[in-house]
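Asker:
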Amino acid sequence: MARIGLDFGTSNTAAGVMAGGRPYAIPLEPGAQTLPTAVFIDYAERRYVYGSAAARAMRDGQEGRFMRALKSIPGTPLAREPRRLLNERVTLIEVIARFLTEIRQRAEAHTGMRFDTALSGRPVRFHSASAERHAQALEDLREAYLMAGFKAVDFLPEPEAAALAVDGAGRMLIVDIGGGTSDFTLCDRVGDRTEVLASTGLRLGGTDFDKALSLAHAMPLLGYESEIGAELGSRTHTAPRALFQDLASWEKIPFVYEAALLREVQRWVRLAPDPEPFERLAEVLESHLGHDIAYAVEAGKIEANGAPQGLIRLTEVERGLSVPLTQDALAGATQGFAEQIAATALDCIAEAGVAPGTVTQCVFVGGSSLLAPVRAAMARALPDALPVDTEVFTAVVNGLAIASERPVETARA
3 MARIGLDFGT
13 SNTAAGVMAG
23 GRPYAIPLEP
33 GAQTLPTAVF
43 IDYAERRYVY
53 GSAAARAMRD
63 GQEGRFMRAL
73 KSIPGTPLAR
83 EPRRLLNERV
93 TLIEVIARFL
103 TEIRQRAEAH
113 TGMRFDTALS
123 GRPVRFHSAS
133 AERHAQALED
143 LREAYLMAGF
153 KAVDFLPEPE
163 AAALAVDGAG
173 RMLIVDIGGG
183 TSDFTLCDRV
193 GDRTEVLAST
203 GLRLGGTDFD
213 KALSLAHAMP
223 LLGYESEIGA
233 ELGSRTHTAP
243 RALFQDLASW
253 EKIPFVYEAA
263 LLREVQRWVR
273 LAPDPEPFER
283 LAEVLESHLG
293 HDIAYAVEAG
303 KIEANGAPQG
313 LIRLTEVERG
323 LSVPLTQDAL
333 AGATQGFAEQ
343 IAATALDCIA
353 EAGVAPGTVT
363 QCVFVGGSSL
373 LAPVRAAMAR
383 ALPDALPVDT
393 EVFTAVVNGL
403 AIASERPVET
413 ARA
């Protein structure tokens with residue numbers, strides 16, 4: 003029996019062990035070190051599908067329910083709310099457990115090892131505004147691991163894990179910007195010794211960037227901020243925002259496809275001075291296209307981050323439908339988030355009781371750390387620190403693999 007390092011992420015998941023004295027990221031899909039944290043419940047085949055295969059099933063229009071950003075669920079009321087899926091009542095904790103079971107089984111099949119315990123990465127704070135919800139999130143995730151067949155699970159904050167895996171010496175600030183949280187660890191590295199000085203976190207990440215971009219650029223094409231007329235008289239009012247907020251949130255998209263909501267939107271079509279956007283919205287709900295929109299926004303964000311202009315392509319909703327996304331628009335929608343991230347990074351340094359000028363390296367981890375507005379905000383906050391790129395998608399799992407061979411008490415709960 004052995005212990006596995008497991009980085010259960012909002013967007014992607016990775017698993018690792020030590021091999022030949024070095025961390026080894028187990029390929030959970032052919033040719034890939036990470037697996038999309040995605041689940042598709044196939045109604046026709048009556049089975050659960052995971053990872054890239056789940057995303058393909060959704061994009062191919064197969065009948066079923068697609069779920070992503072499951073890591074955002076623990077600690078929220080959604081976690082323990084029973085739902086009927088494939089004629090059984092299950093909670094989303096159980097859905098997470100089935101995903102973790104799949105990860106364990108794939109890792110065991112590849113390595114020929116049996117993993118009875120896990121060292122799991124976790125955000126410094128699942129819920130930065132509520133200690134109670136953070137504690138509940140840890141309890142929810144622990145329960146999911148035990149349901150997945152692990153006898154025990156220990157937790158290590160993700161940036162502290164990454165600090166074990168990155169190269170370098172001196173005083174380093176690990177800046178781990180993932181899909182759901184931003185986490186920071188300030189540490190001193192001398193040789194192979196890493197001393198953690200402080201860690202802190204913020205419940206803000208790439209899915210928040212996506213939501214802001216969706217509301218600003220995609221949802222207006224579906225009627226966001228558009229007017230609806232009254233049943234009687236000539237007065238109008240703005241369309242209720244709640245549906246659009248949920249449709250722009252990765253973890254809430256699977257739950258907007260209710261018949262009552264569709265009927266309400268069809269009423270908006272009838273009453274709106276300009277019915278076309280609401281006609282598109284009705285098509286999105288009827289054909290379950292919410293995740294197609296989310297993927298299009300995410301792709302446009304990535305494209306705009308590396309070029310003067312990207313494009314949010316909503317061709318699944320309507321042929322030829324798209325909206326440009328410039329670098330300035332990307333910065334405008336995410337600047338406030340980037341400043342929050344930089345401010346929290348400085349809070350981490352202050353918590354350690356040291357001066358910002360003593361930080362020699364700013365080490366970026368996590369896919370969302372690649373965003374230009376985040377980099378710019380961090381450069382303004384720590385102008386003297388050398389920006390360092392590492393293995394942004396595998397630094398955490400590599401650190402967990404290293405820590406998995408250490409005594410359990412070294413894993414911080």
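Numbering (the numbering used here), first residue to last: 3 to 415.
Even for Gly, the Cβ is constructed at its ideal location relative to N, Cα and C.
Computed from a prediction, not measured in an experiment: that's the story for all the values here.
(1) How should His-136 be labelled, buried or exposed, when 16 other C-beta atoms within 10 angstroms of its C-beta is the threshold for buried?
(2) Check for me: the alpha helix (DSSP H) holding Gly-359 runs from which residue to which?
(3) Within 10 angstroms of the Cβ of Pro-420, are there 16 or more other Cβ atoms? Answer buried if so, exposed if not.
(4) For Asn-14, does the three-state DSSP call read helix, strand or coil?
(5) From Asp-349, Gly-322, Gly-7, pick the residue whose C-alpha is nearest to that of Glu-160; which is it?
(6) Could you tell me whether the Cβ atoms of Trp-270 and Ile-230 are closer together than 7 Å?
(7) Roughly how many whole angstroms lie between the Cα atoms of Glu-31 and Thr-240?
(8) Cutting at 6 Å between CB atoms, please list the residues of its own chain near Gly-22, excluding the five before and the five after it.
(9) May I ask you to list the residues that DSSP assigns as paired with Pro-159?
(10) As a quick exercise: from Pro-25, Met-3, Asn-14, pick the residue whose alpha carbon is nearest that of Gly-401.
(11) Helix, strand or coil for Ala-301? Go by DSSP, reduced to three states.
(12) Out of Leu-332, Gly-208, Ser-324, which one is the CA nearest neighbour of Gly-308?
(13) I'd like the list of long-range same chain contacts for Gly-170, defined as Cβ closer than 8 Å, with 5 residues on each side in sequence excluded.
(14) Tell me whether Tyr-147 is buried or exposed, calling it buried when 16 or more other Cβ atoms sit within 10 Å of its Cβ.
(15) If I follow the unbroken beta strand (DSSP E) through Ala-40, where does it start and stop?
(16) Would you please state the rounded distance, in angstroms, between the beta carbons of Ala-200 and Ser-228? I believe it to be under 8 Å.
(17) Once you ignore the five residues that flank Ser-370 on each side, which residues in its own chain have a CB closer than 6 Å to its CB?
Answerer: Looking at the coordinates:
(1) Locating residue 136 in the sequence shown gives position 134, counting from the first residue. Its Cβ being crowded by 16 or more others within 10 Å, His-136 is buried.
(2) Residue numbering aside, residue 359 sits at position 357 when the sequence shown is read from its first letter. Premise fails: Gly-359 is in no alpha helix (DSSP H) and is neither H nor E.
(3) The question about residue 420 has no answer, for the chain in this structure spans 3 to 415.
(4) Residue numbering aside, residue 14 sits at position 12 when the sequence shown is read from its first letter. Strand.
(5) Counting from one through the sequence shown, the residue named residue 160 turns up at place 158. Measuring from the Cα of Glu-160, the nearest candidate turns out to be Gly-7.
(6) Translated into positions along the sequence shown, residue 270 becomes position 268. Translated into positions along the sequence shown, residue 230 becomes position 228. Against a cut-off of 7 Å, the Cβ pair of Ile-230 and Trp-270 comes out as a contact.
(7) Translated into the one-based positions of the sequence shown, residue 31 becomes position 29. Translated into the one-based positions of the sequence shown, residue 240 becomes position 238. Those two C-alpha atoms are separated by around 46 Å.
(8) In the sequence shown, counting from the first residue as 1, residue 22 sits at position 20. Hits under 6 Å: none found.
(9) The residue labelled residue 159 in the question sits at position 157 within the sequence shown. DSSP output for Pro-159 lists Arg-124 as bridge partner(s).
(10) On the sequence shown, position 399 is the one that residue 401 refers to. It is Pro-25.
(11) Residue numbering aside, residue 301 sits at position 299 when the sequence shown is read from its first letter. In this structure, Ala-301 counts as helix in the three-state DSSP scheme.
(12) Locating residue 308 in the sequence shown gives position 306, counting from the first residue. Gly-308 has its Cα closest to that of Leu-332, out of Leu-332, Gly-208, Ser-324.
(13) Counting from one through the sequence shown, the residue named residue 170 turns up at place 168. Excluding five sequence positions before and after Gly-170, the CB atoms of its chain that fall closer than 8 Å to its own CB belong to Arg-191, Gln-363, Val-365, Val-390, given in chain order.
(14) Translated into the one-based positions of the sequence shown, residue 147 becomes position 145. With 16 or more other Cβ atoms within 10 Å, it is buried.
(15) If you number the sequence shown from 1, residue 40 lands on position 38. First-last of the beta strand (DSSP E) with Ala-40: 40 to 44.
(16) Against the sequence shown, residue 200 aligns to sequence position 198. Against the sequence shown, residue 228 aligns to sequence position 226. That pair is no contact at about 47 Å.
(17) As a first step, residue 370 is located in the sequence shown; it is residue number 368 there, counting from the start. Cβ within range, chain order: Ile-179, Gly-207, Gly-208.
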